Ligand code: BG6
């Protein structure tokens, strides 16, 4: 069967500044943490060992062209542009981003730009990071500077990438700096991120720029183990905490009342100011990026909560390992292709069918060298992964979902936070020693699909 996509469908991939650029000025929390706890990073490989986009941006953009991308998302590094977060703009960073943006446009590849992809300038973290409202103001200024500098040529902006991840990693589950475990502080960080987002949207609207502004959320559909009311309630609460805590403010302009009531009941609400609600209402977006990797399966708890334990989302559910689930064993994530369709249907039916696109989807695999045939990685599993997801995406579009494109994570194998280079995601293989780039089979498959705006599958 032939799966054809609408005209002008966005075909491309996503990456981020910190994971690709290297050669960075301006310290981030990642540099600081790595210097102190290198053992937290796979094989002790830190954020300075990224895929050298800062040097190779021009030839890398040629490779994007070879992959027939018509669009590409990366991020601006706040710490590169404004090393102390709040002061002088670094002219070399302006030159660098100008060159990248201009080259992308010249090559017919529409740049999509994220303003914050997990990379907090250390100077901002030192004053409390997202727990401090001064950082919200500093971010709003940084966003405004980016719009002024690049807004004439970047027409698709994203305030944040996966804003729930720094909340989970930094303040609940100990996989990002500052390694705090404290729900109330996590809720404050999440809340201030929403305020920062809304302030950036406000600034963008006030500047009457030519393009559009949105956010990228990692939506993990919550599936209950059964239709038993206790399981359904568990899935509902997981959905409130991990999806709707950002989805509702950015699409509806307000938080779900039952999320607020739940946090209030457990005395976990962040400090709010009366003027915040009006600001949040102004943060409604034009375009939603959806990152989809895995579903979340939950069941009700089997045991009582230890009242002495720190308050956690897991007070309300246990994760559920569905027998027979398909796994990506390298990343430990379930692969469930219909999830992409369920997300789109939920957006269509419950959120007014917003303009959206799949901004990340991907499969990290370890030791891909074992698949080399005639000098090229033959990653059939990735082609299978993409085409299966695309059939579900296609079904969503044919049923009226407003999905405008599909971006893969990622372009060239890049540095994956604490996993460093353990799992490879790229269309293009990176030789860490020589920095040589070689297109994988999946890259060729994707290039053909993008060119034809369609693919064939049994
Ligand atoms: C997303 C992020 O969570 O998934 C990326 O936007 C990240 O920055 C990607 O690299 C893959 O996850 P990981 O943890 O395997 O790198």
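In the working numbering, the protein residues as written are 1034 to 1491.
Built from N, CA and C at the ideal position, the CB exists for glycine as well.
On a predicted model such as this, the values are computed, not experimentally measured, just so you know.
Distances between the C-beta of residue 1198 and the heavy atoms of the ligand BG6 include at least one below 7 Å.
The closest heavy atom of the ligand BG6 lies 7 Å or more from the beta carbon of residue 1055.
The segment 1059-1072 makes no contact with the segment 1083-1095; the number of CB pairs closer than 8 Å stays below 3. At least one heavy atom of the ligand BG6 falls within 7 Å of the beta-carbon of residue 1450. Excluding its 5 nearest sequence neighbours in each direction, residue 1373 has C-beta neighbours in its own chain below 6 Å: 1325, 1422, 1425, 1426, listed in chain order. Residue 1475 places its beta carbon less than 8 Å from that of residue 1419. Residue 1243 and residue 1305 have their C-alpha atoms spaced approximately 33 Å apart. Taking residue 1211 as the centre and dropping the five residues before and after it, the same chain places the C-beta of 1203 closer than 6 Å to its C-beta, in chain order. Non-local beta-carbon contacts of residue 1368 in its own chain, meaning distances under 6 Å to residues more than five positions away in sequence, involve 1359, 1361 in chain order. For residue 1332, the uninterrupted beta strand (DSSP E) segment begins and ends at 1329-1332.
About 5 Å separates the Cβ atoms of residue 1312 and residue 1231, confirming a contact at the 8 Å cut-off. In this structure, 1280 is the residue among 1260, 1339, 1280, 1116 with its C-alpha nearest to the C-alpha of residue 1224.
Contact check for residue 1209 against residue 1452 fails: the beta carbons are separated by 8 Å or more.
Two segments are said to touch when three or more pairs of C-beta atoms, one from each, lie closer than 8 Å; by this definition the segment 1103-1116 does not touch the segment 1456-1467. Looking only at 1485, 1439, 1083, the smallest Cα-Cα distance to residue 1469 is reached by 1083. For residue 1414, the shortest separation between its Cβ and any heavy atom of the ligand BG6 does not lie below 7 Å. Within a 10 Å sphere around the beta-carbon of residue 1467 sit fewer than 16 other beta-carbons, which makes this residue exposed.
8 Å or more divides the Cβ of residue 1222 from the Cβ of residue 1170. Per DSSP, residue 1061 is not a residue of any beta strand (DSSP E), being assigned neither H nor E.
Look at residue 1147 here: in three-state DSSP terms it is strand. With a threshold of 7 Å, the Cβ atom of residue 1206 does not count as near the ligand BG6, since no heavy atom of the ligand is closer than that. Secondary structure at residue 1458: coil, using DSSP grouped into helix, strand and coil. With a cut-off of 8 Å on Cβ pairs, the segment 1067-1081 is not in contact with the segment 1123-1136, counting fewer than three such pairs.
If you look at residue 1106, you'll find it in the beta strand (DSSP E) that goes 1104-1108. Here residue 1371 has 1425 as same chain residues with Cβ atoms under 7 Å from its own Cβ, once five neighbours each way along the sequence are excluded.
Annotation for residue 1441: the continuous beta strand (DSSP E) segment containing it runs 1436-1442. Within the same chain, Cβ atoms closer than 6 Å to the Cβ of residue 1112 are found at 1059, 1061, 1154, the five residues on either side in sequence being excluded. Taking the C-beta atoms as reference points, residue 1214 is found no nearer than 8 Å to residue 1303.
When 1045, 1149, 1100 are compared, the shortest CA-CA separation from residue 1051 is found for 1149.
For residue 1102, same chain residues with a beta-carbon under 7 Å away, outside a window of 5 residues either side, are 1044, 1045, 1046, 1142, 1483 in chain order. Between residue 1353 and residue 1331, the C-beta spacing is below 8 Å.
In the three-state scheme derived from DSSP, where H, G and I count as helix and E and B as strand, residue 1091 is classed as helix. Residue 1042 places its beta carbon less than 8 Å from that of residue 1437. If you draw a 10 Å sphere on the C-beta of residue 1158, you find 16 or more other C-beta atoms in it, and that means buried. Distances taken from the Cβ of residue 1394 to the heavy atoms of the ligand BG6 include none shorter than 7 Å. Distance check between residue 1190 and each of 1364, 1480, 1417, 1322 places 1322 closest, using alpha-carbon atoms only.
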